[in-house]
Amino acid sequence: MTAYHTHRQAGKVAADTLNRRHFLKLSAGAAGVAALPLSFGVSAHNHKSAGAVGLQLYTLRDWMAVSVPATLKMVAAVGYQELEFAGYYNHKPSEIKKIIDGEGLSAPSAHTPLTDFEGGVNKVIDSALEVGHKYVVLPYLTEEQRGSTIDVYKNLAENMNQWGEACNKAGLTLAYHNHDFEFIQTDGEIPYHVLLEETQKDLVAMEMDLYWMVKANKDPLAYFKKYPGRFKLWHVKDMDSAGEFADVGTGTIDFAPLFARASQAGVEHYFVERDKTQDKMATLIQGQKAVAALL
Numbered sequence: 023m024t025a026y027h028t029h030r031q032a033g034k035v036a037a038d039t040l041n042r043r044h045f046l047k048l049s050a051g052a053a054g055v056a057a058l059p060l061s062f063g064v065s066a067h068n069h070k071s072a073g074a075v076g077l078q079l080y081t082l083r084d085w086m087a088v089s090v091p092a093t094l095k096m097v098a099a100v101g102y103q104e105l106e107f108a109g110y111y112n113h114k115p116s117e118i119k120k121i122i123d124g125e126g127l128s129a130p131s132a133h134t135p136l137t138d139f140e141g142g143v144n145k146v147i148d149s150a151l152e153v154g155h156k157y158v159v160l161p162y163l164t165e166e167q168r169g170s171t172i173d174v175y176k177n178l179a180e181n182m183n184q185w186g187e188a189c190n191k192a193g194l195t196l197a198y199h200n201h202d203f204e205f206i207q208t209d210g211e212i213p214y215h216v217l218l219e220e221t222q223k224d225l226v227a228m229e230m231d232l233y234w235m236v237k238a239n240k241d242p243l244a245y246f247k248k249y250p251g252r253f254k255l256w257h258v259k260d261m262d263s264a265g266e267f268a269d270v271g272t273g274t275i276d277f278a279p280l281f282a283r284a285s286q287a288g289v290e291h292y293f294v295e296r297d298k299t300q301d302k303m304a305t306l307i308q309g310q311k312a313v314a315a316l317l
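Going by the working numbering, the sequence shown opens with residue 23, and the numbers climb by one from there.
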């Protein structure tokens, strides 16, 4: 190892230690936060009520990597009621179930990589049922997985129908989460449209990421109208004036008209998300407050 790499590694260890200390200081205050009258949220133990506010835990991936229990305690304290997982961070499904139950939370959804489905859908199903998920979501295709022809998406649609049927028999629903690359015309067709048209609506749902729809210059309302009932899950994510991520309710996306058509869309669960944020706690509080006001 060179002196440069040794120095870099030492710096990384120091940074990780600092981040860990900072996180643990925050998480230690979670119990205190939970005891406060949450003017910015609702009770963390009303997750069975209609219009629950959820959080996509990818937003807190750095914290989750340090401590899943402490992170979820803080999420509950802020007032979130539902979770969407993006990995279990070396915890068994049974352990995850115990943690979320202890915090009065539910986890109706989880993101599951394509490679996991390809490795065996039954294993995906078993883990999801153990945690208590209702949806398993294909979250992202790498550049390699996207390929360069529309046949990639046609084949994916065929596979998703098969996986969706297996999920359906187990009482689960398979869903697909969009970014903006699915709207790039390929061989004269739009990949997202292929997925919508060639998957069976009773076997495959869609998780609409509102930020990425706007980023692709697409109107979510038009999709609600053309494909009513397909968009069972939403990622509620805002955009700043430069087209980058923003805390929900502080950016340029007008969410009110979208929430007004929630019934037409078929949405059942709303997950706040921000892919990159410098102040996770501010993002959590603002997102919960903004979505609760829309429901």
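We treat Cβ as the ideally placed atom computed from N, Cα and C, and that holds for glycine.
Quick check on DSSP: helix, strand or coil for residue i?
i    : result
V270 : coil
D231 : strand
G309 : helix
T137 : helix
E211 : strand
Y162 : coil
A315 : helix
L151 : helix
Q286 : helix
H98  : Note on identity: in this sequence residue 98 is Ala, with His being the wrong assignment. Helix, per DSSP.
I206 : coil
Q184 : helix
I122 : helix
A238 : coil
F281 : helix
S89  : coil
D173 : helix
L60  : With a pLDDT of 41 at L60, under the threshold of 50, the predicted position of this residue should be treated as unreliable, though the coordinate-derived value follows. Three-state DSSP puts L60 in coil, outside helix and strand.
N112 : coil
K298 : coil
D84  : helix
Y249 : coil
S65  : With a pLDDT of only 38 at S65, under the threshold of 50, the placement of this residue in the model should not be trusted; the figure read from the coordinates follows. In the structure shown, S65 sits in coil (DSSP, three-state: anything other than H, G, I, E or B).
Below 8 Å between beta carbons: does that hold for residue i and residue j?
i    : j    : result
E125 : A98  : yes
V226 : L255 : no
P242 : L280 : yes
F277 : V258 : yes
G271 : Q308 : yes
M182 : T137 : no
K87  : Y102 : The residue asked about is misnamed: residue 87 is Ala in this sequence, not Lys. It is not a contact, given that the beta carbons lie outside the stated cut-off.
P213 : Y175 : yes
V289 : V75  : no
H155 : A129 : yes
A282 : F253 : no
I121 : L163 : no
K119 : E152 : yes
E211 : I172 : yes
P161 : H215 : no
L217 : A244 : no
T305 : D262 : no
L194 : A150 : yes
DSSP has residue i in a bridge; who is on the other side?
i    : result
S128 : E104
H291 : L255
T195 : Y157
G265 : According to DSSP, G265 bridges with nothing at all.
Q167 : Note: Q167 sits in no beta bridge, so no partner.
G76  : E104, F293
D260 : A268
V226 : L196
With 8 Å set as the bound, which would you pick, yes or no: does the beta-carbon of residue i sit closer than that to a beta-carbon of chain C?
i    : result
R252 : The displayed structure is made up of one protein chain only, and chain C is not part of it.
Query raised in the report: How do the stretch 124 to 140 and the stretch 100 to 116 stand: do at least 3 beta-carbon pairs fall below 8 Å, yes or no?
Result: Touching, yes.
**Report entry** Sufficient close CB pairs (3 or more, under 8 Å) joining the stretch 188 to 208 to the stretch 140 to 147
**Finding:** They touch, by the three-pair rule.
Requested in this report: Take every Cβ of the stretch 284 to 300, pair it with every Cβ of the stretch 83 to 95, and state whether three or more of those distances are shorter than 8 Å.
Outcome: The count of Cβ pairs closer than 8 Å, one atom from the stretch 284 to 300 and one from the stretch 83 to 95, stays below three, leaving the stretches out of contact.
Query raised in the report: Is the stretch 231 to 242 touching the stretch 197 to 212, taking contact as three or more C-beta pairs under 8 Å?
Result: Using a Cβ-Cβ distance cut-off of 8 Å, the stretch 231 to 242 and the stretch 197 to 212 are in contact, since at least three pairs of beta carbons, one from each stretch, lie closer than that value.
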